[in-house]
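Asks: Okay, here's the structure, questions in a sec.
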């Protein structure tokens, strides 16, 4: 009984017996195959890195280079000014106003958004008539175009002809000019964001809920846990990784908020976000540097500051959520 | 395994090679378009916004120049989008058309970026100066004396008013009598107060919003007194010291204090609804605005509007030039086309097609223009009303940073309108924000 020392499938990695044939053609073939082994994997992953290089890394570095220059659109000679642009932007009260607006809108949109998404997902996880239809239905707001959503909501919040002021009128409140004040434009924009993203987050939660084993609920029910107790004690802890994911995705999206506030407080120079910049977000401030002031360098500086802001926020989120996760593990061990 | 690996790597190489070929192919086809001679078939792209009314002119030009194909891009588009696109394309160094429409609002920025545009003097623009109103030529002449744009239309300025609301409020409706009501802006405010005092029209404002009226007053005041607005001719920021600015501001605040504004910010959906729902009785009304009102108010508003003289007489808002970007591969042909389109004959044709008011005195005096009436506006003689106002206008110097400063001042005025700031605080903010934007 002999075990074949070389089978075709294992041949390559094991040392081969010396061969007689040493013709150049064969040597070349072996070299090529070695080269093949070394180079091919890189070739396979190359497309990603080439595309990333062109559309990711290069713009990032080029923007950094532009940020160090005083450069107006239309002139061909940028002058190097070091970090002056950064000092200028960081000492501009309009920039900090934009940061405040962005964070404000982010907070008052994201918190209710994720909570409502959880509740919605929980409802969709029950046995319902036409469940698939409902599940598909919650995604519809997400696939409508932002522009359409913003226009419809601007009509709803319209001062003279809007549905919301009309309803408030029955209670003797208003009419408000929603665009005129900080708080009211923040609320209005947040409702737009929530309208679009609750369904999306609900579906993510739903998918994750379905991977929770049913028998946990069954035994909990046998022990007399009420549905709401089951939700808070079983569903929420089991969803923790998913919640962390949605929080981070919402952070990135929220800090880059642009289209909704732009269309909400519209008219000429819409990127100023209203008469007192009440709803100007950081991305709108960025656009103002380019389209309003034609300052290429300032625009690039804001882009980098936004990038840093997102990094800081992601780091903070990571710190908080990883602590939650570890405390969650301890809780589970009990 | 070696074989399959090799095959795969070959496939990868093949893919890369194909991609590379694709790139080569693309750049090849680009090369084919470069280079020009007078007999070669060429395409001239004309970038516009809105409607310039050039369709018939293109047809004629292409018949006379069989080697030229004209493609108009951006027809019917919004000015805001157009301005952004132009900024992008200047920054990118490519993508602009061979002939580019430059609107009044963007003209100052374009002038500041004049080195991106062909000096049309090289193609005989200096000899054409008599074709245009003086201030129209000045508008596109750079500080170093280059002419980078040829005038198309001017806005002129008049006051459009709703005869139905005027009738309800017990005011005269005939256009000469209405013009006689407000020789000055103070008279206009007095009439406004009478209008607002009548409960029959309590749901309507006397004017749409104050910002455009403010700009009209400012341009008239500056033309009559200092000759500049936010920047003096040396480029110093003078918003706080220029009496013309303060006077326009004070009159606007008075309009607001009298409660005349319907507070409908221009170019918003609310404003558009305001036309349909008869929410304001008058609106500062350049020639092109008549087209906007016609489309916004539709058939329901036909015959319910008329046009009177603007208080303070004359003025201008809007109007455009045609420029030739240096990006163009056919600057000579493009300049010739721009000259053709902006000639008095071209301007008359555009007026007949879309009502764009000529910037050429010769075209303004043309019988066809003078006799023109606008049916929608109770047969108002638009050519006559606007032509006179446009000829009366005195040129006003606007600094390179005029647009951001104007926006800042307008926004401060809007805070008074919205009731979020008192007039004094808003003026302080206007001066400060304007300085920041300067």
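Protein chains in written order, with this note's numbering: chain A, 69 to 402; chain B, 274 to 711. Glycine is no exception: its CB is placed at the ideal position from the N, C-alpha and C atoms.
1) Chain B beta carbons: is any one of them nearer than 8 Å to that of residue 249 (chain A)?
2) Looking at chain A, which residues of the region 346-360 of chain B have a Cβ within less than 8 Å of any of its Cβ atoms?
3) What residues in the region 353-385 of chain A have a beta carbon less than 8 Å from any beta carbon of chain B?
4) Where does the unbroken beta strand (DSSP E) through residue 557 (chain B) begin, and where does it stop?
5) Could you tell me which uninterrupted alpha helix (DSSP H) segments, each at least 4 residues in length, are contained entirely in the region 330-383 of chain B, listed from first to last along the chain?
6) Since residue 629 (chain B) and residue 355 (chain B) are thought to touch, with beta carbons under 8 Å apart, how far apart are those beta carbons, to the nearest angstrom?
7) How is residue 655 (chain B) classed by DSSP in three states: helix, strand or coil?
8) Between which two residues does the beta strand (DSSP E) containing residue 478 (chain B) stretch?
9) Could you name the residues of chain A that residue 389 (chain B) contacts, counting a contact when the two beta carbons are closer than 7 Å?
10) Between which two residues does the alpha helix (DSSP H) harbouring residue 133 (chain A) extend?
11) Could you run through the region 541-558 of chain B and flag, in chain order, every residue whose CB is less than 9 Å away from some CB of chain A?
12) Say whether chain B places a C-beta atom closer than 8 Å to the C-beta of residue 99 (chain A).
13) Tell me which residues share the same chain as residue 461 (chain B) and place their Cβ nearer than 7 Å to its Cβ, disregarding the 5 neighbours each side in the sequence.
14) Evaluate the contact criterion for the region 177-196 of chain A versus the region 261-279 of chain A: three or more CB pairs, one atom per stretch, below 8 Å.
15) How would you label residue 159 (chain A), buried or exposed, when you count the other beta carbons within 10 angstroms and need 16 or more for buried?
16) According to DSSP, residue 510 (chain B) sits in a beta bridge with which residue or residues?
17) Mind reading off the beta-carbon distance from residue 560 (chain B) to residue 432 (chain B)? Whole number of angstroms is fine, and I expect it under 8 Å.
18) Taking the beta strand (DSSP E) that residue 315 (chain B) belongs to, which residues open and close that run?
19) Can residue 425 (chain B) and residue 601 (chain B) be called in contact, C-beta distance under 8 Å?
20) Following the continuous alpha helix (DSSP H) through residue 777 (chain B), name the residue where it begins and the one where it ends.
21) Identify which residue in A:123, A:122, A:148 has its Cα closest to the Cα of residue 134 (chain A).
22) For residue 425 (chain B), report the span of its beta strand (DSSP E) as first-last.
23) Work out the CA separation of residue 336 (chain A) and residue 127 (chain A) for me, nearest whole Å.
24) Check whether the region 212-228 of chain A touches the region 281-301 of chain A, counting contact only when three or more Cβ pairs, one atom from each stretch, lie closer than 8 Å.
25) Would you call the CB atoms of residue 682 (chain B) and residue 512 (chain B) closer than 8 Å?
26) Any residues in the region 676-697 of chain B with a beta carbon nearer than 7 Å to a beta carbon of chain A? Which ones, in chain order?
27) With DSSP as the reference, identify every bridge partner of residue 435 (chain B), one or two as the case may be.
28) So that I know if they touch, is there some Cβ in chain A lying closer than 8 Å to that of residue 386 (chain B)?
29) Tell me, please, whether the CB atom of residue 260 (chain A) is closer than 8 Å to any CB atom in chain E?
30) Using a C-beta to C-beta distance shorter than 8 Å, which residues of chain B count as neighbours of residue 340 (chain A)?
31) Taking 8 Å as the cut-off, does the region 620-639 of chain B touch the region 402-412 of chain B (at least 3 CB pairs, one atom from each stretch)?
32) Which residue or residues does DSSP assign as beta-bridge partners of residue 390 (chain B)?
33) So who's on the other strand from residue 148 (chain A), going by DSSP bridges?
34) Can you list the residues of chain B that residue 227 (chain A) reaches, using a CB-CB cut of under 7 Å?
35) Work out the CA separation of residue 228 (chain A) and residue 242 (chain A) for me, nearest whole Å.
36) So residue 245 (chain A) and residue 351 (chain B) are supposed to be a Cβ contact under 8 Å. How far apart are they, rounded?
Replies: Reading it off the structure:
1) Chain B contact via Cβ: present.
2) Under the 8 Å Cβ criterion, the region 346-360 of chain B contributes 353, 356, 357, 360.
3) Against chain B - using a Cβ distance shorter than 8 Å - the residues of the region 353-385 of chain A are 358, 359, 360, 361, 362, 364.
4) From DSSP, the beta strand (DSSP E) with residue 557 (chain B) extends over 553-558.
5) Runs of the alpha helix (DSSP H) lying entirely within the region 330-383 of chain B, each at least 4 residues long, are 352-365 in chain order.
6) Contact between residue 629 (chain B) and residue 355 (chain B) does not hold, since their C-beta atoms are separated by about 16 Å, which reaches or exceeds 8 Å.
7) Residue 655 (chain B): helix per DSSP, three-state reduction.
8) First-last of the beta strand (DSSP E) with residue 478 (chain B): 478-480.
9) Per Cβ cutoff of 7 Å: 142.
10) Note, residue 133 (chain A): alpha helix (DSSP H), 126-135.
11) So the close ones are 541, 542, 543, 544, 546, 547, 550, 552.
12) Answer no: the Cβ-Cβ gap between residue 99 (chain A) and chain B never drops below 8 Å.
13) Excluding five sequence positions before and after residue 461 (chain B), the CB atoms of its chain that fall closer than 7 Å to its own CB belong to 455, 584, given in chain order.
14) Segments in contact, yes.
15) Around the beta carbon of residue 159 (chain A), fewer than 16 other beta carbons sit within 10 angstroms, so the residue counts as exposed.
16) Per DSSP, the beta bridge partners of residue 510 (chain B) are B:504.
17) Actually they do not touch by this definition, with Cβ atoms about 13 Å apart.
18) In the DSSP assignment, residue 315 (chain B) falls within the beta strand (DSSP E) that extends over 315-320.
19) Their beta carbons are not under 8 Å apart, which means residue 425 (chain B) does not touch residue 601 (chain B) by this criterion.
20) The requested residue 777 (chain B) is not part of the displayed model; chain B covers only 274 to 711.
21) Among A:123, A:122, A:148, the Cα nearest to that of residue 134 (chain A) is on A:148.
22) 423-427 is the span of the beta strand (DSSP E), which, as asked, contains residue 425 (chain B).
23) Whole-angstrom Cα-Cα distance: 29 Å.
24) The region 212-228 of chain A vs the region 281-301 of chain A: no contact.
25) Yes; because the gap between Cβ atoms is below 8 Å, this pair is in contact.
26) If the cut-off is 7 Å between Cβ atoms, the region 676-697 of chain B has 677, 680, 684, 687, 688, 691, 693 near chain A.
27) Answer is B:578, bridged to residue 435 (chain B).
28) Yes - at least one Cβ of chain A is within 8 Å of the one on residue 386 (chain B).
29) Although the question refers to chain E, the structure presented lacks it and instead comprises the protein chains A and B.
30) Per Cβ cutoff of 8 Å: 680, 684.
31) Yes, they touch.
32) Beta-bridge partners assigned by DSSP to residue 390 (chain B): B:598.
33) Residue pairing of residue 148 (chain A) in beta bridges, as defined by DSSP: A:137.
34) Here the neighbours are 543.
35) Annotation: residue 242 (chain A) to residue 228 (chain A) spans about 10 Å, alpha carbon to alpha carbon.
36) The Cβ separation is near 24 Å, so there is no contact.
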